[in-house]
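For reference, the structure is listed below as structure tokens.
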Amino acid sequence: MELGKSAVRLTVVSNRARPGQDAPFATYELDRAYDEMFQSDGGPRPHAKDLYDTLCTLPIAELERRQQTCEQSFLHQGITFTVYGHEEATEKIIPTDLLPRIVPGAEWDRLERGLKQRIVALNHFLKDVYNDGKILNDGIVPRDLVFGSKHYLRQMRGVAVPLDAYVNVCGTDIIRREDGSFVVLEDNLRVPSGVSYMLANREVAKRAFGDLYRAYGVRPIEHYGQELLATLKALAAGFRDEPRICLLTPGIFNSAYYEHAFLARQMGVELVEGRDLLVHDNVVYMRTTAGVKRVDVIYRRIDDDFIDPLAFRHDSALGVPGLMNAYRAGNVVIANALGTGVADDKAVYSYVPAIIRYYLSEEPLLDVVETYRCREPQQLSHTLENLDKFVVKAVGESGGYGMLVGPHASLAEREAFRAKLKSDPDNYIAQPTIQLSTAPCFVHGGVEARHVDLRPYILHATDTRLVPGALTRVALKRGSLVVNSSQGGGSKDTWVLPT
Amino acid sequence: MLSRVADSLYWMARYLERAEHSARVLAVKLEAMLEQTPDDAAEAWVRVVAALAWPLKEPVAGTPDILARRLTLDKTEPSSVLNSIRVARDNARQVRELISTEMWEQLNRQYLAIHSAEVEQEWSAQPVPFLREVVSELNLFAGLTDSTMRHGEGWHFIQLGRYTERAQAVSRLLDLHFGDLPADVKQPLRAPRYFDWLSLLKQCTAFEAYCKVYTADVVPAKVAEFLIFDPEFPHSIRFATDHIQEELSYVAPGAGGARRLQAERLAGRLKATLDYGQVEELLAGDIDGFLRGIQASCKQIHQSMYDAFIGYSVDELLTV
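Note that the protein sequences, when read in sequence, are chains L and G.
Numbering-wise (numbering that gives the first Met the number 0), the first sequence opens with residue 0 and increments by one.
Numbering-wise (numbering that gives the first Met the number 0), the second sequence opens with residue 0 and increments by one.
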């Protein structure tokens, strides 16, 4: 293994960098974006060289065969979502790309420290805004921004949360800027999903490139289930000795159901639906064949709004009537806590560096994307002037909904959005369009560059931990910057190296 | 175990048993047709439809080929093999975290295969091998269930579902067949009747096992004795009812005596009927009534099991 030793051996073919002449890379193009495999002169990065060499030696037909095996495996495991046609529903697999994205160990370690710092600070923030509100009194974060957020839950005021850990599972979206530095795009603090795809991608990538995997000494991630279980158990420590933990799912029609079942199996906990639970005298029970049994910890994969029809949306059939009261009474732990969405609001996002300084007296280790808050008149007019360059997002949305990618939008779309912005500026923020980094993907019988992001999963209870890996989401359309699975994105495995 | 989960496992097993039973009966019938006159075949198919497409929504007509296709692949026929596999797989998806990955992948593969675009072509080319393949894939699933899943409460619910369905399906099949007994039930049969009874044995995958006990002479009284009362043959009614009684005592281990009393009493009574019944008595008396009684008992057991462990009223438990 000669990682790091190999110098750039490839010569630049033309002024326009064109990595390699070898078969699978014939149509690979580099542009302004940082590329995960190639340097700007077209040679492979030292850590990516072995993967590059492997790809150059494998016949395309063999890569195709491996890609098919990988898709078959997803299909048979049922890692699918349902597409409803006019006659019947068909199941499609979640697109997965064969080629691993490689992250050098040193880069990962810096990232990990930054993520831990961030989640600790955000937990302080949540405790503060649901109790004393010091950060608001001190004028660091505007009061109306917090109280006006649609994810702020008054029902959570003064509620004691075990270990003051509000966010127990977080899936932060990280992107790489053109200079190669990592930057946080979004904190997902409510019910982040996708971790099962991280694990499923690992399974297929190991099968497809076993020798390479071993030679690289990739850091393992398979213990995620155990780590999650340990986190959930820690939340009930001192409250119940052998806590009964369950995972609350909306049911088989939810697009993430595969993941819910997968995690329940990995942890060995019950997978429950709202109809399996009931609340009596502020205690939560589940219906079993031997009668009802008390439940102590609920890892919920249902949004705040739907979790208790008595407290929130009355039309929700997914939730458990009375759950909020049981929670307030301290008889059950819910992870993540309710109301955490206020801290991943896109307007609060721009204050996170200040939040880190305020609670931890440290400088933030991870950058955020420069953000214009349209609630402020000057920043609004700046945004309106640069609508063709900016990405504009609604503050309370996620999943790529309610957003405008200026450079890719038509004039009509931009004008329509301009009107929305003017009528409700408080609801929007704007950011310069960032060229997400590109990584090699196996498409159309060759290897081409596609934009990717990175979603690691951070766990937090008594301490903060993450497995060394992440979901790399891929914008499968050439040139597209939208990686969300709801918008046609796919994913691939992420290999974190020892050094 | 969650009541909903027990419910899904139980129904998954019932639908798989139903699919296996239907596929086997259809395969045997299609093969048997080769040795029958068109009239005999048509009459035999009326019984097949009555045994499998049940309850009947509307009178079913058509050539044997059309009927067999309908009972195998028709998406609008609730009791088609395809629909049974689909519903079983839906139930398995609900309890994905409880069954083993091997089981899930086997069932999912079979579901995908029978829903694929090529299936019609395979069917029209060779329906019998197609059905045999379905049965063998289902047997594989049953084997995986036994060898990769913990034999805990969930597994017992699966067994309960399987044997409840089997007891009902076999007694329905016999009920339809015994409506037309020969005058002397103790005489070995000759062709063409012989083939009809041979086919009955094969529909219960019982021919070889029967020969080992009674030799290859097909005697109606002995066939009845074997398929109803044999204690060791897995597709006899007695074998199924013995298992229903046994599995019922293993499920819901935490549920107290009072709650399980009714279901256990009914299952015990049914077991006793089969353990101490006599074929001579039946043949001299009301065998149809007897077989229908078994089906009714199975339904009652199902209902009281449901009331005790799955659809119970919570208020009673909490106010105690």
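Just so you know, even glycine gets a beta-carbon here, dropped at the ideal spot from N, CA and C.
Quiz prompt | Cross-chain neighbours of D275 (chain L) in chain B, by beta carbon under 7 Å | solution = Of the protein chains in this structure, namely L and G, none is chain B.
Quiz item: Counting pairs of beta carbons, one from the stretch 205 to 216 of chain L and one from the stretch 169 to 187 of chain L, are three or more of them closer than 8 Å?
Solution: In this structure the stretch 205 to 216 of chain L does not lie against the stretch 169 to 187 of chain L, because fewer than three pairs of beta carbons, one per stretch, are closer than 8 Å.
Quiz item: Given L57 (chain L), which residues of its chain have a CB within under 8 Å of its CB, disregarding the five upstream and five downstream residues?
Solution: For L57 (chain L), the CB contacts under 8 Å within the same chain, skipping 5 residues up- and downstream, are P23 in chain order.
Quiz item: Is the Cβ of N107 (chain G) closer than 8 Å to any Cβ of chain L?
Solution: Yes, N107 (chain G) lies at the interface with chain L (some Cβ there is under 8 Å from its Cβ).
Quiz item: In chain order, what residues of the same chain have a beta carbon less than 7 Å from the beta carbon of E515 (chain L), not counting five sequence neighbours either side?
Solution: Residue 515 (chain L) lies beyond the stretch modelled for chain L, which goes from 0 to 498, so this question has no answer here.
Self-check item: Contact set between R156 (chain L) and chain G, taken where Cβ atoms lie within less than 9 Å
Solution: For R156 (chain L), no chain G residue has a C-beta closer than 9 Å to its own C-beta; the minimum C-beta separation is roughly 30 Å.
Quiz item: Using DSSP with H/G/I as helix, E/B as strand and the rest coil, what is F527 (chain L)?
Solution: This structure gives no information on residue 527 (chain L), because the portion of chain L shown stretches from 0 to 498.
Quiz item: Hey, out of G:Q105, G:T240 and G:E136, whose CA is closest to R268 (chain G)'s CA?
Solution: Nearest C-alpha to R268 (chain G): G:T240.
Self-check item: Range of the contiguous alpha helix (DSSP H) that encloses E28 (chain L)
Solution: Here E28 (chain L) belongs to no alpha helix (DSSP H), and DSSP marks it neither H nor E.
Quiz item: Quick one: Cα of A334 (chain L) to Cα of Y223 (chain L), how far?
Solution: Linking A334 (chain L) to Y223 (chain L) through their CA atoms gives a straight-line distance of about 16 Å.
Quiz prompt | Where the stretch 75 to 95 of chain G meets chain L: residues whose CB sits under 7 Å from a CB there | solution = The stretch 75 to 95 of chain G vs chain L, Cβ under 7 Å: R92, Q93 and R95.
Quiz item: Could you give the distance in angstroms between the alpha-carbon of L29 (chain G) and the alpha-carbon of P63 (chain G)?
Solution: Rounded to whole angstroms, L29 (chain G) to P63 (chain G) spans 8 Å at the Cα level.
Quiz item: Do D96 (chain L) and V332 (chain L) have their CB atoms nearer than 8 Å?
Solution: Cβ distance not < 8 Å, so D96 (chain L) and V332 (chain L) don't count as in contact.
Quiz item: Can you tell which of G:D314, G:Q158, G:D216 and G:W103 has the C-alpha that lies nearest to the C-alpha of I78 (chain L)?
Solution: Measuring from the Cα of I78 (chain L), the nearest candidate turns out to be G:W103.
Quiz prompt | Y215 (chain L) burial status per 10 Å Cβ neighbour count (16 or more: buried) | solution = Buried, by the Cβ-count rule.
Quiz item: Taking Cβ positions, are I500 (chain L) and R109 (chain L) nearer each other than 8 Å?
Solution: Chain L is shown only over 0 to 498; residue 500 (chain L) falls outside these bounds and no answer can be derived.
Practice problem: Report yes or no: do three or more beta-carbon pairs, one from the stretch 17 to 27 of chain G and one from the stretch 159 to 173 of chain G, lie closer than 8 Å? | Solution: In the pairwise beta carbon analysis, the stretch 17 to 27 of chain G is classified as touching the stretch 159 to 173 of chain G: at least three pairs are separated by under 8 Å.
Quiz item: Among the residues of its own chain, which have a CB less than 6 Å from the CB of P363 (chain L), if the five just before and after it don't count?
Solution: Answer for P363 (chain L): P352 and I355, listed in chain order.
Quiz prompt | Three-state secondary structure (DSSP) of L234 (chain L) | solution = In the structure shown, the three-state DSSP call for L234 (chain L) is helix.
Quiz prompt | A289 (chain L) at chain G interface by Cβ criterion, 8 Å | solution = Closer than 8 Å to some Cβ of chain G, the Cβ of A289 (chain L) qualifies, so yes.
Exercise. Kindly indicate the opening and closing residues of the alpha helix (DSSP H) around G209 (chain L).
Key: Unbroken alpha helix (DSSP H) run through G209 (chain L): G209 to Y215.
Practice problem: List the endpoints of the continuous beta strand (DSSP E) containing I300 (chain G). | Solution: No beta strand (DSSP E) contains I300 (chain G), which is instead part of the alpha helix (DSSP H) from I286 to M304.
Quiz item: Are the Cβ atoms of A223 (chain G) and L273 (chain G) separated by less than 8 Å?
Solution: In this structure, L273 (chain G) does not lie closer than 8 Å to A223 (chain G) by Cβ.
Self-check item: Best match in G:Y275, G:C203 and G:P191 for proximity to E34 (chain G) [C-alpha to C-alpha]
Solution: Nearest Cα to E34 (chain G) within the set G:Y275, G:C203 and G:P191: G:P191.
Practice problem: Return the residue from the list L:V296, L:V282 and L:L276 that minimises the CA-CA distance to A316 (chain L). | Solution: Closest by alpha carbon: L:L276.
Self-check item: Closest residue to L470 (chain L) among L:A199, L:V128, L:S180 and L:A159 (Cα-Cα distance)
Solution: That would be L:A199, whose Cα lies nearest to the Cα of L470 (chain L).
Quiz item: For R92 (chain G), which residues does DSSP report across the bridge?
Solution: Beta-bridge partners assigned by DSSP to R92 (chain G): none are found.
Self-check item: Any chain L beta carbon closer than 8 Å to I236 (chain G)
Solution: I236 (chain G) has a beta carbon lying at 8 Å or more from every beta carbon in chain L.
Quiz item: Can you tell me whether DSSP reads F80 (chain L) as helix, strand or coil?
Solution: Three-state DSSP puts F80 (chain L) in a strand.
Quiz prompt | Burial state of G178 (chain G), where buried means 16 or more other Cβ atoms lie within 10 Å | solution = So G178 (chain G) counts as exposed.
Quiz item: Can you list the beta strand (DSSP E) stretches of 3 or more residues lying completely in the stretch 188 to 236 of chain G, in chain order?
Solution: You should have found no qualifying run.
Practice problem: Measure the beta-carbon distance from D425 (chain L) to R374 (chain L) and round it to whole angstroms, keeping in mind my assumption that it falls under 8 Å. | Solution: Right, the Cβ-Cβ distance comes to about 5 Å (below 8 Å), so this counts as a contact.
Quiz item: Does any CB atom of chain G fall closer than 8 Å to the CB of H75 (chain L)?
Solution: Yes, H75 (chain L) lies at the interface with chain G (some Cβ there is under 8 Å from its Cβ).
Quiz prompt | Three or more C-beta pairs below 8 Å linking the stretch 427 to 444 of chain L and the stretch 379 to 390 of chain L | solution = The stretch 379 to 390 of chain L and the stretch 427 to 444 of chain L touch, with three or more beta-carbon pairs separated by less than 8 Å.
Practice problem: Run down chain L in chain order and give the residues with a C-beta less than 9 Å from the C-beta of G253 (chain G). | Solution: Annotation: Cβ neighbours of G253 (chain G) in chain L (cutoff 9 Å, chain order): T287, T288, A289, G290 and K292.
Quiz item: Going along the stretch 237 to 264 of chain L in order, which residues come within less than 7 Å of chain G, judged by CB to CB distance?
Solution: For the stretch 237 to 264 of chain L, the beta-carbon criterion of a distance under 7 Å to any beta-carbon of chain G is satisfied by I251, A260, A263 and R264.
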